[in-house]
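The sequence shown begins at 1 in the UniProt record's numbering and counts up by one.
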Amino acid sequence: MKLQHNLGGLEGLPQPLTLEKRVFVEEWEKRIFGIHVAMMGLSNHLGSALPEYPIAEVPTAFRDEWTWADLRTGAEAMNPFDYFKFRYYEKWLGGITQFFIDKGYVSEDELAAAVGAAAPSPDGAGDAIDDQVIDYLRRGDSPRRDVAHPRFAVGQKVRITDVPAGAHTRLPGYLRARTGTVQRIFEGDYGYFVETGDGIGDPMPIYIVEFTPHELWGVRAEPGANTLYAELFEAYLQPVEENQ
């Protein structure tokens, strides 16, 4: 994430960190969160997910995939200046709204006309949709799709890739081209649901990689026995030998 999407490890940020502890600051934020959860509970990918849901039988007009990855991709596609200007759930609202426009569920003119209008009454399909969303809340969905098939071993030195960042990535910018040591391999192959364009999407192993502060920040690293650990998809790792 080379722009606004991951600022860890960077100095001189223009604004102080907020210590706000409330999950929802405004009442409308709860509704945005609920819309997102309902979309996940009705997502097409659940038909082949673990556990499997009877999505094809649910009488909903929503016939697309929506996951946390889609939410992040939509929010991070915002203009960087808007990204810093808007609050957390305003970014959610922007990403969700653009998704509905792009997929043809609603137009910008229809959205503008609906502002301030009363919400439509639910039809007879509402109960079945509610049951599916509640079932999803109870059972959830796991990105794990298989046992792990790791290319790297615990204790192995690896170098992090520096591929061009697309609209979304799960690779923090300050780790790019740095060398670390594999400390743990998670037990499964995990999918990300969205193809990011920089290597992740299909199921693959995930590792915990250890980095020394000196490796990351050189002479600016603080003294002491400090260590940084990062969870990284296998596509972001290369054996050190390939880069020598």
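Yeah, the Cβ is synthetic: ideal placement off N, Cα and C, and Gly gets one too.
Cross-strand partners of residue i (DSSP beta bridge)
i           : result
residue 250 : Because the chain in this structure spans residues 1 to 244, residue 250 falls outside the shown range and cannot be described.
residue 209 : 182, 230
residue 146 : 189
Contact set for residue i: own chain, Cβ-Cβ below 7 Å, skip 5 residues either direction
i           : result
residue 38  : 133
residue 142 : 50
residue 238 : 158, 159, 161
residue 128 : 58, 59
residue 19  : none
Neighbourhood of residue i by C-beta, 6 Å cutoff - its chain only, sequence neighbours within 5 removed
i           : result
residue 171 : 236
residue 177 : 162
residue 144 : 188, 190
residue 30  : 24
For residue j and residue i, believed in contact at Cβ under 8 Å, the rounded distance
i           : j           : result
residue 60  : residue 125 : 7 Å
residue 89  : residue 32  : 5 Å
residue 101 : residue 36  : Wrong, their Cβ atoms sit about 16 Å apart, outside the cutoff.
residue 229 : residue 135 : Going by Cβ atoms, the distance from residue 229 to residue 135 rounds to 35 Å, so no, they are not a contact pair.
Close Cβ partners of residue i (< 8 Å) along its chain, the five nearest in sequence each way excluded
i           : result
residue 86  : 78, 94
residue 218 : none
residue 184 : 154, 207, 208
residue 56  : 47
residue 75  : 83, 91, 92, 94, 95
Selected residue, minimal CA-CA separation from residue i, among the options
i           : options            : result
residue 206 : 33, 148, 57, 97    : 148
residue 103 : 130, 65, 137       : 65
residue 234 : 201, 101, 63       : 201
residue 194 : 43, 160, 18, 26    : 43
residue 225 : 211, 139, 107      : 211
residue 192 : 71, 22, 181        : 71
residue 146 : 186, 156, 67, 174  : 186
residue 181 : 197, 152, 41       : 152
residue 157 : 112, 130, 215, 107 : 215
residue 165 : 199, 137, 139      : 199
residue 139 : 19, 117, 67, 41    : 41
residue 231 : 18, 175, 80        : 175
residue 67  : 80, 99, 116        : 99
residue 80  : 19, 168, 110       : 168
residue 241 : 131, 223, 69, 179  : 179
Element boundaries [beta strand (DSSP E), containing residue i]
i           : result
residue 213 : Not the beta strand (DSSP E): residue 213 falls in the alpha helix (DSSP H), residues 213 to 217.
Delimiting residues of the alpha helix (DSSP H) encompassing residue i
i           : result
residue 202 : No alpha helix (DSSP H) holds residue 202; DSSP gives it neither H nor E.
residue 102 : 88 to 102
residue 135 : 126 to 139
residue 55  : Residue 55 -> no alpha helix (DSSP H), and no H or E assigned at all.
residue 151 : That residue, residue 151, is in no alpha helix (DSSP H); it is neither H nor E in DSSP.
residue 37  : 27 to 41
residue 73  : 68 to 76
residue 62  : No alpha helix (DSSP H) holds residue 62; DSSP gives it neither H nor E.
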